[in-house]
Each structure stands twice: as structure tokens, then as C-alpha cells.
Amino acid sequence: MFLGGFACFAMLYGTQPLLPLLSQVFATSATEVSLSVSVSTGALALALIPASLLSDRFGRGTMMTLSLVLAAVLSLLCPWVSTFNELLVLRALLGVALAGLPAAAMAYLGEEVAPNAQGRAMGLYIAGNAFGGMSGRFLTAWVTDHFDWQTGLLVLGVLGAIAALAFWFGLPASRHFRRRSISPAKVLADAKNLMRDAGLPWLFLSAFLLMGCFVGLYNFVTFRLVAPPFELGQTAIGGIFLLYLVGTWSSAWVGQLVDRIGRRQVLWMMAALMLLGVLITLPVNLATVIIGIAIFTFGFFGAHTTTSGWVSRRAGPSRALAAAVYLSSYYLGSSLLGTAVGFAWDTGLWIGVVISLSLLLIAMLAVAFHLSQLPRSAAA
36 MFLGGFACFA MLYGTQPLLP LLSQVFATSA TEVSLSVSVS TGALALALIP ASLLSDRFGR
96 GTMMTLSLVL AAVLSLLCPW VSTFNELLVL RALLGVALAG LPAAAMAYLG EEVAPNAQGR
156 AMGLYIAGNA FGGMSGRFLT AWVTDHFDWQ TGLLVLGVLG AIAALAFWFG LPASRHFRRR
216 SISPAKVLAD AKNLMRDAGL PWLFLSAFLL MGCFVGLYNF VTFRLVAPPF ELGQTAIGGI
276 FLLYLVGTWS SAWVGQLVDR IGRRQVLWMM AALMLLGVLI TLPVNLATVI IGIAIFTFGF
336 FGAHTTTSGW VSRRAGPSRA LAAAVYLSSY YLGSSLLGTA VGFAWDTGLW IGVVISLSLL
396 LIAMLAVAFH LSQLPRSAAA
């Protein structure tokens, strides 16, 4: 599962460190070129619920394996585009293909891992997401600096193909999967139950806010760092994404912390760390910017580990659909807020980005406080 998360995030966000370069190559604005990330995450968000229903019918392992194989093929086609619109089409299809892995992953872990170890297991899976996101971005930037952007994306596709094959042969078979009906009436009844829950809709909103802030910061910090006075090259920009190592450690550590002191306490602390990190990036000093991004990244992966495990615990037998709705919210936040922050950059540069992210994170703190007051669900 660590390896599956690694491949998924490496392919999904591989174009992010190249946004300033792609903006020049295809003569597009910062907001427009950010669509190379947003169309993938938006398409993934829309495909998650159908993919989760198929995983209920045909099995978690089958869905996740097919997802990675198709995504690797599409990723290998991306370097051969001649126009920005062609790149957007392939990136959108890539998002659809990838949907099968996150749609089934949380349910797979919820079914196959003992309850008292689920926090650690979810943390390890999300650590794979962080490590893949970091590696994909850094490799793409480094190869682009030494060759060109097409070679950078080609290496990303090869990496995805290798990971897909390893995942195919290494994933343990499901032992506790029970096939569920995917009739419209059953799906609608399950969806209504999820939305009636006192906590799940707020957790879905948390996913939207958290991921929107995360992608918004990483999309547009690249534009800040290539401009004066920083003027960093592609490899140095890619090096910023090595801060994902903080997220890899954070996910695993916070998963254990959740098992010890509970999600209610951990979530607001992680959201507060994200806000602190954003504010620390304000000074025009590279070391301060890096420290701020590191603190923000730690808080994000800690919060995501907390909320994703919380959804699986509260949803009971509808955990696959709940995970899909959670992740749809998560990637819609990436797509919509991640691009919307671009308007703050266009109008106010980095100060505009910091103000917009701070407002979103204040809203996230309010949500975290509300969740901390909820009674426990029967499923949990």
C-alpha cells in the first residue's frame, strides 16, 4: 500500500515543479498552467465514487491494480504532446485512471488491518503518498534541468510502470472483502446515511480545505522562487519538494499519536501548525520560506492522516463509499482551491497567497473545533 500510494502521487503531481517552465513553453498564465495539475485532481475527484462502487463489486485489489497499470500507460504518453490542450486531455484521463487506487485503498486497510493498528497502517500508506509526491516532483525537476521537460515526464511514466508491476505482484489478497450491491437504490441509501452522520460531512469539508491549501501553496511557491530575489533553477525548485520527507515522517508519527491521544486533539493541532507555517513564509528570506513550508507540510500530512482514518472508523460498513466521498472532496479542493489561489497570486503575489490560505485555514480550525465536540458514533 505504501508503494501504491507512492506511484499514485508521483504521477498525479509530476508537472507541479515545472509550472513556471510550462507557462513559458506553452505561453500560458500562472493560473492557466496550474490546470495541468487541477484537471488531473478534478477528474480523479469525479471518478472516485464510481471507482469505489466498482471496488465494492469486483474487489479492492483488482481495482487498485488496474488503476495503476492504466495510469502508467497514460503517464508514458504525456511527453509526446505538441500542444497544451493535448497535455490537459491526457492529464485528465490520468486522473480518471488513478481514481481506482485511493477509492479502494482506505476501505482495503479498514477491512484487512486490526482496529488497534489502523492509525499506524493509514499513516504508512499516506507516508507512501508523501514520498511518491516528493520523489516524482524532484525527479521531474532534476531530469528537466539536465535534459528537457519531455524527458522529465518520460522518467515519471517509467517510474509509474515499475511501481505498478511491483504492486501487481506484491499486494496481499483480500481476506475480509465482502461483495456489496451497487444498485442505485442501495448506493443512494448509503449516501443518505453518510450525510446524516454528525461528523462525516465535516470531515469531507476538512478534506476540501486541507488539500486546497496544500496544493495552492505548492503550486505558487514555485513562481515565487523562480522570480527575483530568489531566482532558483529547476533542480533547486524540485529540491523544495524534498520537504515531503517531513510529511512522510509526519504521517507515520501522527498515526501513532492518534492511537495514543485521539483524533479530536490531534486535528486542531495539525491545522494550527499549517497556519503557522504559512505565516512564516512571508519574509523575503529563503531559509525562513523553507522552514515555513516544512512546518506547513508536517501539519498537512498529520491532519490528512487524522481525518482519513476518522472517516474509515465512523463509516462502518459503508466505508468504501465514505472514503470515496472524502477523497472526492479532497481532490476537488486540490482542483478548485488550488487553481483559485492563482487569482490571489495574479493580484497580490505572495502576500495575496498567504492571505487567502490563512483565511481557509482559520475556517479549518473552526471545523476541527466543531469535530472535537462531537459524540462518538456507533460505528466507531
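When you read off a place in the sequence shown, starting at 1, and then add 35, the result is the number in the working numbering. Where is the CB? At the ideal position from N, CA and C, for every residue including glycine. Everything numeric in this text was worked out from a predicted model, so none of it was measured.
Check                                                                                                                                                                                      : Outcome
Using C-beta distances below 7 Å, list every residue in its chain close to M230, excluding the 5 sequence neighbours before and after it, in chain order.                                  : P236
Return the CA-CA distance between G158 and G168, expressed in angstroms with no decimal places.                                                                                            : 15 Å
Taking buried to mean at least 16 other C-beta atoms within 10 Å of its own C-beta, is I315 buried or exposed?                                                                             : buried
Cβ of A201 versus every heavy atom of the ligand HEM: is any distance shorter than 6 Å?                                                                                                    : In the structure shown, the ligand HEM is absent, as is every other ligand, since no ligand is present at all.
Below 8 Å on the Cβ atoms is my guess for S58 versus V68; work out the distance and round it to an integer in Å.                                                                           : 4 Å
Quick one: residues in its chain with C-beta nearer than 6 Å to the C-beta of A329, no 5 flanking neighbours on either side, listed in chain order?                                        : L278, V281
Could you give the C-beta distance for A162 and S90, rounded to a whole number, given that I count them as a contact under 8 Å?                                                            : Between S90 and A162 the Cβ distance is about 22 Å, and since that is not below 8 Å, they are no contact.
Please go through the same chain and pick out, in chain order, the residues whose beta-carbon is closer than 6 Å to the beta-carbon of A82, but skip the five residues on each side of it. : V131, A134
If you compare alpha carbons, which of L129, R155, A199, F93 is closest to G39?                                                                                                            : A199
Identify, in the order they occur along the chain, each residue of the same chain with its Cβ nearer than 6 Å to the Cβ of A414, setting aside the five sequence neighbours on each side.  : Summary for A414: the model assigns pLDDT 46, below 50, so the residue's position carries little reliability; its value from the coordinates is reported in the next sentence. Result list for A414: R349, G351, in chain order.
Out of M98, L191, T76, G268, point me to the one whose CA is closest to F23's CA.                                                                                                          : A query on residue 23 cannot be resolved here, the shown segment of the chain reaching from 36 to 415 and no further.
Compute the beta-carbon to beta-carbon distance between F258 and V376, rounded to the nearest angstrom, for a pair I have assumed lies under 8 Å.                                          : No, F258 and V376 are not in contact; Cβ-Cβ is about 11 Å, not under 8 Å.
I'd like the list of long-range same chain contacts for V222, defined as Cβ closer than 8 Å, with 5 residues on each side in sequence excluded.                                            : L88, L356
Pick helix, strand or coil for E266, following the three-state DSSP scheme.                                                                                                                : coil
Buried or exposed: A86, going by 16 or more other Cβ atoms within 10 Å of its Cβ?                                                                                                          : buried
What would DSSP say about A287, mapped onto helix, strand or coil?                                                                                                                         : helix
Going by C-alpha to C-alpha distance, which of Q291, T283, S241 sits closest to L395?                                                                                                      : S241
Here's the rule: buried if 16 or more other CB atoms are within 10 angstroms of the residue's CB, otherwise exposed. What is A287?                                                         : buried
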